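Undergrad: In the UniProt record's numbering, the protein residues as written are 1 to 317.
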């Protein structure tokens with residue numbers, strides 16, 4: 001009879017077998033040995049995260065950033081449930097110049113970010129220009145693909161490294177990276193919108209960061225699930241720290257200003273048109289006032305000369 005097979009297969013390398021045996025020896029008899037490592041390499045997982053984050057930064061026009069205090073899976077599920085209910089109540093909205101209405105609620109998502117990987121993606125998005133790298137003769141090239149200027153290329157790495165060494169990353173306080181990087185500390189989550197829609201933003205703020213009067217939390221009678229202990233415990237661990245709208249960084253007050261625009265994008269356009277008309281009217285009045293003042297001065301001088309001529313004519317008579 002063949003001897004019983006060792007618990008750890010001989011397919012493991014010797015060093016791996018010793019590690020597993022030493023780990024299993026220190027565990028209670030009722031505890032199973034540690035699971036084998038993931039088949040995917042960690043650097044590959046990081047590469048995929050960086051690619052997904054750079055794509056997100058280029059495609060998502062509206063993002064809100066929250067610091068969270070390690071919510072549990074049940075708490076995340078409860079928050080996403082209430083968020084979905086609030087967004088679905090907004091209904092379809094018109095985006096841009098499209099006449100058709102679009103329901104954004106199914107496409108809004110709340111995602112936990114890997115802060116370090118997202119920070120790298122911010123640098124690539126800010127300091128790496130693929131067109132400029134493709135024109136550089138030092139950029140790596142292949143016969144099949146030409147210049148290698150993707151987000152994980154050596155050219156991207158050199159651009160980011162050059163920005164760090166020259167201090168460009170922190171020299172310009174108005175850059176997107178300089179304003180967002182301080183927020184990427186600790187556990188961070190992002191609420192991602194596929195389009196800028198103030199009504200949907202207002203609905204999300206009423207759930208995740210309610211403000212009495214401006215973005216009031218839903219009433220218990222209207223939304224009893226929102227007042228469940230698990231939801232309230234989760235929301236107490238979420239803190240809105242800022243947002244990114246159309247590539248521009250907004251603080252909390254700026255995010256709430258965008259969410260408070262009445263009438264959505266149409267209301268914003270109407271407000272901008274009114275502001276431009278007001279500016280144009282002011283310029284017109286200023287120009288007209290100058291010409292009127294000149295005309296009045298000339299007319300006054302003309303009348304004065306005419307009166308003097310009349311007086312001289314009377315004296316001659």
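We put the beta carbon where it would ideally sit given N, CA and C, even for glycine. Every value quoted in this text rests on a predicted model; they were computed, and no experiment measured them.
1) At what residues does the beta strand (DSSP E) containing residue 68 begin and finish?
2) Could you check whether the Cβ of residue 242 sits closer than 9 Å to any Cβ belonging to chain D?
3) Is the number of C-beta pairs between the stretch 111-124 and the stretch 48-66 that are closer than 8 Å three or more?
4) Pick helix, strand or coil for residue 185, following the three-state DSSP scheme.
5) Which residues in the same chain as residue 46 place their Cβ atom closer than 7 Å to its Cβ, once the five residues preceding and following it in sequence are excluded?
6) Kindly provide the ranges of any alpha helix (DSSP H) runs that are 4 or more residues long and lie completely inside the stretch 207-243, ordered along the chain.
7) Taking the Cβ atom as the reference point for each residue, do residue 78 and residue 225 lie within a distance shorter than 9 Å?
8) Rounded to a whole number of angstroms, what is the C-alpha to C-alpha distance between residue 228 and residue 259?
9) Counting Cβ pairs closer than 8 Å, one from the stretch 59-79 and one from the stretch 142-158, do we hit at least three?
10) So what does DSSP say about residue 141, is it helix, strand or coil?
11) Can you tell me where the beta strand (DSSP E) with residue 110 in it begins and where it stops?
12) Assuming contact is defined by CB atoms lying nearer than 9 Å, are residue 240 and residue 252 in contact in what I supplied?
13) In its own chain, which residues sit with a C-beta less than 6 Å from the C-beta of residue 139, not counting the 5 before and 5 after it?
14) In terms of residue numbering, what span does the beta strand (DSSP E) encompassing residue 249 cover?
15) Identify, in the order they occur along the chain, each residue of the same chain with its Cβ nearer than 7 Å to the Cβ of residue 238, setting aside the five sequence neighbours on each side.
16) Keeping to the same chain, check which residues put their C-beta closer than 8 Å to that of residue 217; ignore five residues upstream and five downstream.
17) Exposed or buried, which one is residue 123 when buried takes at least 16 other CB atoms within 10 Å?
TA: With the given structure in hand:
1) Its beta strand (DSSP E) spans residues 62-68.
2) Among the chains in the structure shown there is no chain D, since it carries only a single protein chain.
3) Touching, per the Cβ criterion.
4) In the structure shown, residue 185 falls within a coil segment according to DSSP collapsed to helix, strand and coil.
5) Shown here for residue 46: same chain residues with a beta carbon closer than 7 Å to its own, the five before and five after excluded, namely 117 in chain order.
6) Listed in chain order, they are 229-235.
7) The Cβ-Cβ distance between residue 78 and residue 225 falls below 9 Å.
8) Straight-line Cα distance between these residues: approximately 26 Å.
9) In the pairwise beta carbon analysis, the stretch 59-79 is classified as not touching the stretch 142-158: fewer than three pairs are separated by under 8 Å.
10) In the structure shown, residue 141 sits in a strand (DSSP, three-state: E or B).
11) Going by DSSP, residue 110 is part of the beta strand (DSSP E) stretching over 109-113.
12) The answer is yes: Cβ separation under 9 Å.
13) Excluding residues within five positions, the ones whose Cβ falls inside 6 Å are 133, 147, 155.
14) Unbroken beta strand (DSSP E) run through residue 249: 248-250.
15) Only 66, 68, 208 meet the Cβ criterion.
16) Result list for residue 217: 206, 207, 210, 226, in chain order.
17) Result: buried.
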